[in-house]
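Protein chains: 2
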Amino acid sequence: MKKSVFYHAGCPVCVSAEHEILELMDPSSIEVVHLGEEKSKIELAEKAGVKSVPALVTPTGKVLHLNFGASMADLKN
Amino acid sequence: MKKSVFYHAGCPVCVSAEHEILELMDPSSIEVVHLGEEKSKIELAEKAGVKSVPALVTPTGKVLHLNFGASMADLKN
């Protein structure tokens, strides 16, 4: 099964959302990516349509932006 | 098991998010509330912390605002 990807950047809003998502969904179906630590993946996330974190990219390629934590532009600094 | 509540208002953003959520989570664990049709529940949603739709209120009472569709103020008109 293709996994969902949860993008975050370690901010409090991100951590809270991650906790909720992992409670609600099967954790083994989610790949968690910390864009603050893996800045090389920012471009990949943007290409997937991620505009802010935390965000969940589903196996079908849809993007769900969760509670607003930080914009992608902020992550590049 | 206590259910999550997915609040929406029939807007395109809401319908798209609902589709994704029902794919990702167990549909039987989610109660879907259409605030456009059940305006009496707007107050309940606001008390739960919902500021815009679509939003998911988890069994533990946390609110996840998904892609922004409409503010609660807009729904009262």
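Chains as they are written, first to last, in numbering that gives the first Met the number 0: chain L, 0 to 76; chain A, 0 to 76. Every residue, glycine too, gets a C-beta built ideally from N, C-alpha and C. All figures in this text were calculated on a predicted structure; none of them were measured in a lab.
- Item | Cα-Cα separation between ALA69/A and CYS10/A, rounded to whole angstroms | Cα to Cα, the separation comes out at about 8 Å.
- Please say whether ILE41/L and LEU74/L have beta carbons closer to each other than 8 Å? Yes.
- Using a C-beta cutoff of 8 Å, does LEU23/A count as contacting chain L? Closer than 8 Å to some Cβ of chain L, the Cβ of LEU23/A qualifies, so yes.
- GLU45/L - DSSP class collapsed to helix/strand/coil: DSSP places GLU45/L within a helical segment (H, G or I) once states are collapsed to three.
- Tell whether a beta-carbon distance below 8 Å holds between LYS50/A and MET71/A. Yes; because the gap between Cβ atoms is below 8 Å, this pair is in contact.
- Message: To the nearest angstrom, how far is the alpha carbon of GLU30/L from that of SER3/L?
- Response: Near 6 Å, if we compare the C-alpha coordinates of SER3/L and GLU30/L.
- Message: Is the separation between the beta-carbon of GLU130/A and that of PRO53/A shorter than 8 Å?
- Response: No information on residue 130/A is available, as it lies outside the stretch 0 to 76 that chain A covers here.
- Query: If you measure beta-carbon to beta-carbon, which residues of the stretch 49-66 of chain A are closer than 7 Å to chain L?
  - Reply: With the criterion set as a beta carbon lying under 7 Å from some beta carbon of chain L, the members of the stretch 49-66 of chain A are THR57, LYS61, LEU63, HIS64, LEU65 and ASN66, in sequence order.
- Closer than 8 Å at the beta carbon, the chain A residues around ALA16/L: Within chain A, the residues near ALA16/L are LEU63.
- Item | Cα-Cα separation, LEU23/L to SER27/A | The alpha-carbon atoms of LEU23/L and SER27/A are separated by roughly 12 Å.
- Task: Go ahead and pull the three-state DSSP assignment for ALA69/A.
- Result: Annotated three-state conformation of ALA69/A is strand, per DSSP.
- Can you tell me where the alpha helix (DSSP H) with LEU23/L in it begins and where it stops? Residue range 11-23 is occupied by the alpha helix (DSSP H) that includes LEU23/L.
- Message: Give me, in chain order, the residues of the same chain whose beta-carbon lies closer than 6 Å to that of CYS13/A; leave out the 5 immediate sequence neighbours on both sides.
- Response: Cβ-Cβ distances below 6 Å link CYS13/A to HIS7, VAL52, PRO53 and GLY68 in the same chain, with the five nearest sequence neighbours on each side left out; the list follows chain order.
- Query: Whose Cβ in chain D lies nearer than 7 Å to the Cβ of SER3/L?
  - Reply: Among the protein chains in the structure shown, which are L and A, there is no chain D.
- With a CB to CB cut of under 6 Å and the five nearest residues on each side skipped, what residues in its chain are close to LYS1/A? PRO58, listed in sequence order.
- Message: Closest to LEU34/A by C-alpha separation, out of GLY60/A, LEU55/A and LYS61/A, would be which residue?
- Response: Of the candidates GLY60/A, LEU55/A and LYS61/A, the one whose C-alpha sits nearest the C-alpha of LEU34/A is LEU55/A.
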